[in-house]
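Student:
Protein chains: 4
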Amino acid sequence: MSSTAVRPLRADAARNRALVVDAARRLFAERGLDVTLHDVAEAAGVGVGTVYRRFPDKDALLGGLVADKFETLLALADRAAALPTGREALREYLLGAMALRAGDRSLSTAVLRAAPQTAEALELRARLREVVTAVVERARAEGALREGFAADDVQVVTSMIGSIADRSRAEAPDAWRRYGLLVTDAVCPPAGGLPPLVGEPLPPPTSVDCGSPRA
Amino acid sequence: MSSTAVRPLRADAARNRALVVDAARRLFAERGLDVTLHDVAEAAGVGVGTVYRRFPDKDALLGGLVADKFETLLALADRAAALPTGREALREYLLGAMALRAGDRSLSTAVLRAAPQTAEALELRARLREVVTAVVERARAEGALREGFAADDVQVVTSMIGSIADRSRAEAPDAWRRYGLLVTDAVCPPAGGLPPLVGEPLPPPTSVDCGSPRA
Amino acid sequence: MSSTAVRPLRADAARNRALVVDAARRLFAERGLDVTLHDVAEAAGVGVGTVYRRFPDKDALLGGLVADKFETLLALADRAAALPTGREALREYLLGAMALRAGDRSLSTAVLRAAPQTAEALELRARLREVVTAVVERARAEGALREGFAADDVQVVTSMIGSIADRSRAEAPDAWRRYGLLVTDAVCPPAGGLPPLVGEPLPPPTSVDCGSPRA
Amino acid sequence: MSSTAVRPLRADAARNRALVVDAARRLFAERGLDVTLHDVAEAAGVGVGTVYRRFPDKDALLGGLVADKFETLLALADRAAALPTGREALREYLLGAMALRAGDRSLSTAVLRAAPQTAEALELRARLREVVTAVVERARAEGALREGFAADDVQVVTSMIGSIADRSRAEAPDAWRRYGLLVTDAVCPPAGGLPPLVGEPLPPPTSVDCGSPRA
DNA sequence: CATGAATGAGCGTTCATTCAT
DNA sequence: AATGAATGAACGCTCATTCAT
Chain B
20 MSSTAVRPLR ADAARNRALV VDAARRLFAE RGLDVTLHDV AEAAGVGVGT VYRRFPDKDA
80 LLGGLVADKF ETLLALADRA AALPTGREAL REYLLGAMAL RAGDRSLSTA VLRAAPQTAE
140 ALELRARLRE VVTAVVERAR AEGALREGFA ADDVQVVTSM IGSIADRSRA EAPDAWRRYG
200 LLVTDAVCPP AGGLPPLVGE PLPPPTSVDC GSPRA
Chain Y
20 MSSTAVRPLR ADAARNRALV VDAARRLFAE RGLDVTLHDV AEAAGVGVGT VYRRFPDKDA
80 LLGGLVADKF ETLLALADRA AALPTGREAL REYLLGAMAL RAGDRSLSTA VLRAAPQTAE
140 ALELRARLRE VVTAVVERAR AEGALREGFA ADDVQVVTSM IGSIADRSRA EAPDAWRRYG
200 LLVTDAVCPP AGGLPPLVGE PLPPPTSVDC GSPRA
Chain V
20 MSSTAVRPLR ADAARNRALV VDAARRLFAE RGLDVTLHDV AEAAGVGVGT VYRRFPDKDA
80 LLGGLVADKF ETLLALADRA AALPTGREAL REYLLGAMAL RAGDRSLSTA VLRAAPQTAE
140 ALELRARLRE VVTAVVERAR AEGALREGFA ADDVQVVTSM IGSIADRSRA EAPDAWRRYG
200 LLVTDAVCPP AGGLPPLVGE PLPPPTSVDC GSPRA
Chain X
20 MSSTAVRPLR ADAARNRALV VDAARRLFAE RGLDVTLHDV AEAAGVGVGT VYRRFPDKDA
80 LLGGLVADKF ETLLALADRA AALPTGREAL REYLLGAMAL RAGDRSLSTA VLRAAPQTAE
140 ALELRARLRE VVTAVVERAR AEGALREGFA ADDVQVVTSM IGSIADRSRA EAPDAWRRYG
200 LLVTDAVCPP AGGLPPLVGE PLPPPTSVDC GSPRA
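Protein chains in written order, with the numbering used here: chain B, 20 to 234; chain Y, 20 to 234; chain V, 20 to 234; chain X, 20 to 234.
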């Protein structure tokens, strides 16, 4: 059992690794994927070499963040699955996943091109998918689901809302909720009929439409 | 009226500008935002310097593409507005705008950061907004609109769908329609009740979610 | 005929290209192949980008120098071939090639790993080889050649002497001649019998032996 | 004698030094001078810090290898000196030294820039020189030596052949012998007259000539 | 005006060397 | 004394932008 256990990092190394990950998460969340590793290193207060010591390249760093994200989503899904009805569970998960996604730009802009093919990330993803599928099927069984909606659609609609959040994060970090609810209601309407939309429309930004601005 | 009229470009200058815009549109649509201006210049058959003479920087060039887009959208809106019911008109416009947006990667990924404060673009936008508002209000008057939905929400939901299209354009250029209809139905349900979703879910790409991949 | 003719470089471009080539030749000759292209650019008084505009990468620059070298060697071989006897011709070429090689470190240290597969260089090399083969065969016909020596051995012995020259260039730029003559005499002895070696031995440098020090 | 004796290293320190030297010799011989000190440390089973404790920098480590080499050469020279004639002895030593040199890339390519001013190395070198001088003088006395050839020329011609070996080690590790014999014959011809050259010419590598390729 | 040559900061990455543990 | 984490200058190379021709 001790053979595969990685030796724990030295105290200073662990601290620096955490600094790097924190800085990376923050910068990627704020500015998307075109932050440089020099930026990350500087924000973490370490040298570039230190970043490269922990992560073989930029994608590995991004991939590392992704694994964290999966863990958070899995915890969310487990909490949601514990709710009494499928409807509540699905709405809880959808809105929760959207909120997570809305809070972190890095995981959207382009990040995961080839990135996180780590065994860890893949396994977490598989487990997450199981839980989400169960939740979706419960909602379907209750007749609470838009006909034809599938478990794999969950990540798509989440992503969609994420792109809105990326646009408005700076001025109105919660503006995405108006659209998150619109879509959640479309997938799985609330028990008591559709309420009016919350909040205000996102004003036309600068142009007819726009994905996620960078830098 | 003559006071705002900029002096018309000389014939060859205008032709060059058009060459640049055409080339830029094509390249950005094909290859996303990381084409170099040398690529654009070469594709346009002009020197880089010529591109810079017409557009102060890369962003301005991207912005320049927007004006064209507005014209197309305006034509679409006019056609939609001619339909007999507000419901039909709004659904036509929404799905049409989504389709336009889905067909052009350049205008999504990161494009319009500061973008198109040209007088031309602003005026087109204003006119477009008027037509869309009229369409939305007709739908509202018919009771065909989700309560609280506003004209300014149109560009937001269009953009949302665009981000999905960006993700899947390469493998399944029409995959966005499944979600475009989901959202359109949420905004303005079809007359005969909700049909099942069309198509198949977009498979999870590499990760939990992802905005618009680049390059 | 004009279609394949490359358009002549603009005056400034040609001047800068020449500056780059001159600087590169000088630096490579002095310091071997580990000069950086920043060094070359600085020595040439241009920006790095300019170097990269003319030569796609470092190897291309090295390759360019190689073509020049072949031309010089070819001229030498033609001159040597015009001498009355094969013995004189071969000795002239050997000592001349050694001298050229001794004067330029760049073409030795490691340069031509993969480098000069340009059509130009290959053709020059082929022509050079023909002329050298003719010279070698004339010497063989005269009985002036060490038995078994082949035309392809010429470049090897030249290279050998070059490595000596690299060692002593700084202190005694002509010290290679002692060994160049030793080897030339071994390949093709002078008409009147072996004279004593010229010059003095290269003193043991720092160590038992040493190829070509770098930097 | 005790005054120059440095305090002996502690047993473990001495063992570590030996581990480092062994690993360095092996890696440099295999892969040339661009192995990193991390590679050396890892191969030695110690930390990089330990390497630096024993050798102030990379050059010093390379220099450290030289002392070993001198010991081997000294043993070779002693064996050669025991042969009955000066001619045999000199040829034995020359070809043996060339073979040693040909077998180890590390000691050639660039290695000994500032190298081995250790007392140990200097003393070994001095003793080696004495033995070699004696061998050379015996050959001279027998009339077996090219006129003017000096003991200090031995290391030069050895080095020369080494540079050839570096070029061909990968494909034909014994190709140097053709040239080693050519040079040995030029310095000290065999008793029965010059035989034809052995082997085949080294084919022109990629270019007219080339010292010691790296990596 | 159009051209494309020139620029140089900045990219991701490496590695000799230092120093806290 | 030994370790290996940390450092940061430097590498080859790119490309948005400027400016001489």
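Virtual Cβ for every residue (Gly too), placed ideally from N, Cα, C.
Pick out whichever of Y:Pro-220, Y:Trp-195, Y:Val-59 and Y:Thr-203 has its Cα sitting closest to the Cα of Ala-184 (chain Y).
Tutor: When each option's Cα is compared against that of Ala-184 (chain Y), the closest is Y:Trp-195.
Student: Distance check for Tyr-198 (chain Y) and Val-217 (chain Y), CA to CA, integer angstroms please.
Tutor: Roughly 9 Å separates the two Cα atoms.
Student: Determine, using beta carbons only, whether Ala-145 (chain Y) and Glu-156 (chain Y) come nearer to each other than 9 Å.
Tutor: No. Outside cutoff.
Student: Would you mind telling me which residues of chain X sit closer than 8 Å to Glu-166 (chain V), beta carbon to beta carbon, in chain order?
Tutor: Going along chain X in sequence order, the residues near Glu-166 (chain V) (Cβ under 8 Å) are Leu-213, Pro-214, Pro-215 and Leu-216.
Student: With Leu-109 (chain V) and Val-154 (chain V) assumed to form a contact (beta carbons below 8 Å), what rounded beta-carbon distance in angstroms separates them?
Tutor: Correct: roughly 5 Å between the Cβ atoms.
Student: Hey, Leu-80 (chain X) and Arg-72 (chain X): beta-carbon distance below 9 Å or not?
Tutor: It is not a contact, given that the beta carbons lie outside the stated cut-off.
Student: Does Lys-169 (chain X) have its Cβ less than 9 Å from a Cβ in chain V?
Tutor: Correcting the residue type first, residue 169 (chain X) is Ala in the shown sequence and not Lys. With 9 Å as the cut-off, Ala-169 (chain X) counts as an interface residue toward chain V.
Student: Taking the C-alpha atoms as reference points, what is the distance between Leu-143 (chain X) and Thr-152 (chain X)?
Tutor: Their backbone Cα atoms lie some 14 Å apart in a straight line.
Student: For Pro-192 (chain B), go through chain Y and note every residue whose CB falls closer than 9 Å to its CB, in chain order.
Tutor: Under the 9 Å cutoff, chain Y gives no residues; its nearest Cβ is about 15 Å from Pro-192 (chain B).
Student: Ignore the nearest five residues each way along the sequence and tell me which others in Leu-46 (chain X)'s own chain have a CB closer than 7 Å to its CB.
Tutor: Val-54, Asp-58, Val-59 and Ala-62.
Student: If you drop the 5 nearest sequence neighbours on each side, which residues of the same chain put their C-beta closer than 7 Å to that of Ala-100 (chain V)?
Tutor: Within the same chain, Ala-100 (chain V) has close Cβ partners Ala-108, Val-150, Ala-153 and Val-154.
Student: Go to Gly-83 (chain X), then tell me how far its alpha helix (DSSP H) extends in each direction, as first and last residue.
Tutor: Element bounds for Gly-83 (chain X): 77-100.
Student: Is Pro-222 (chain Y) close to chain B? Criterion is C-beta to C-beta, closer than 9 Å.
Tutor: Yes, because at least one Cβ of chain B sits closer than 9 Å to the Cβ of Pro-222 (chain Y).
Student: Is the segment 197-213 of chain Y close to the segment 30-50 of chain V, with three or more CB pairs under 8 Å?
Tutor: Result no; under three Cβ-Cβ pairs closer than 8 Å.
Student: With a threshold of 9 Å between beta-carbons, can Arg-106 (chain Y) be considered close to chain B, or not?
Tutor: Chain B contact via Cβ: absent.
Student: Which residues of the segment 197-213 of chain V have a Cβ closer than 9 Å to any Cβ of chain X? Give them in chain order.
Tutor: Listed in sequence order: Arg-197, Tyr-198, Leu-201, Val-202, Asp-204, Ala-205, Val-206 and Leu-213.
Student: For a contact meaning CB atoms closer than 7 Å, what does Val-175 (chain B) contact in chain Y?
Tutor: Within chain Y, the residues near Val-175 (chain B) are Ile-183, Tyr-198, Pro-220 and Leu-221.
Student: Counting only beta-carbon separations shorter than 9 Å, does Arg-144 (chain Y) have a partner in chain B?
Tutor: Cβ-Cβ to chain B under 9 Å: yes for Arg-144 (chain Y).
Student: Note the first and the last residue of the continuous alpha helix (DSSP H) segment covering Leu-221 (chain Y).
Tutor: Element bounds for Leu-221 (chain Y): n/a, residue is neither H nor E.
Student: Counting contacts by CB-CB distance shorter than 9 Å, is Arg-44 (chain B) in contact with chain Y?
Tutor: So no, Arg-44 (chain B) is outside the interface.
Student: Should Asp-172 (chain X) be flagged as near chain V, meaning a C-beta pair shorter than 9 Å?
Tutor: True, the Cβ-Cβ gap to chain V drops below 9 Å.
Student: Flag Arg-110 (chain Y) as yes if its beta-carbon sits less than 9 Å from any beta-carbon of chain B, otherwise no.
Tutor: Not an interface residue.
Student: If you follow the alpha helix (DSSP H) that Leu-108 (chain B) is in, where does it begin and where does it stop?
Tutor: It should be pointed out that residue 108 (chain B) corresponds to Ala in this sequence rather than to Leu. Run containing Ala-108 (chain B): 105-121, per the alpha helix (DSSP H) assignment.
Student: Ignore the nearest five residues each way along the sequence and tell me which others in Asp-87 (chain X)'s own chain have a CB closer than 6 Å to its CB.
Tutor: Closer than 6 Å at the Cβ level, and outside the excluded window around Asp-87 (chain X), lies no residue.
Student: Cβ-heavy atom distance between Asp-97 (chain Y) and the ligand ZN below 8 Å?
Tutor: This structure simply doesn't include the ligand ZN, nor any ligand for that matter.
Student: Give the secondary structure of Val-54 (chain X) by DSSP, where H, G and I count as helix, E and B as strand, and everything else as coil.
Tutor: In the structure shown, Val-54 (chain X) sits in coil (DSSP, three-state: anything other than H, G, I, E or B).
Student: Quick check: Arg-120 (chain Y) and Ile-180 (chain Y), are their CB atoms within less than 9 Å of each other?
Tutor: It is a contact, given that the beta carbons lie within the stated cut-off.
Student: Return the first residue and the last residue of the alpha helix (DSSP H) that Gly-68 (chain V) is part of.
Tutor: Residues 67-73.
Student: At a Cβ threshold of 9 Å, is Arg-34 (chain X) touching chain V?
Tutor: Chain V contact via Cβ: absent.
Student: Along the alpha helix (DSSP H) that carries Val-217 (chain B), what are the first and last residues, could you check?
Tutor: No alpha helix (DSSP H) contains Val-217 (chain B), which DSSP labels as neither H nor E.
Student: Helix or strand or just coil, what does DSSP make of Phe-47 (chain Y)?
Tutor: Helix, per DSSP.
Student: Whose C-beta lies closer than 7 Å to the C-beta of Asp-123 (chain X) among residues of the same chain, with five residues either side of it excluded?
Tutor: Cβ within range, chain order: Ala-48.
Student: Taking 7 Å as the limit between beta carbons, can you name the residues of its chain near Ala-43 (chain B), skipping five residues before and five after?
Tutor: Result list for Ala-43 (chain B): Val-59, Leu-80 and Leu-84, in chain order.
Student: Tell me which same chain residues have a C-beta within less than 7 Å of the C-beta of Glu-139 (chain V), skipping the five on either side of it?
Tutor: Hits under 7 Å: Ala-86.
Student: Using the beta-carbon count (16 or more within 10 Å), is Thr-177 (chain Y) buried or exposed?
Tutor: Burial call: buried.
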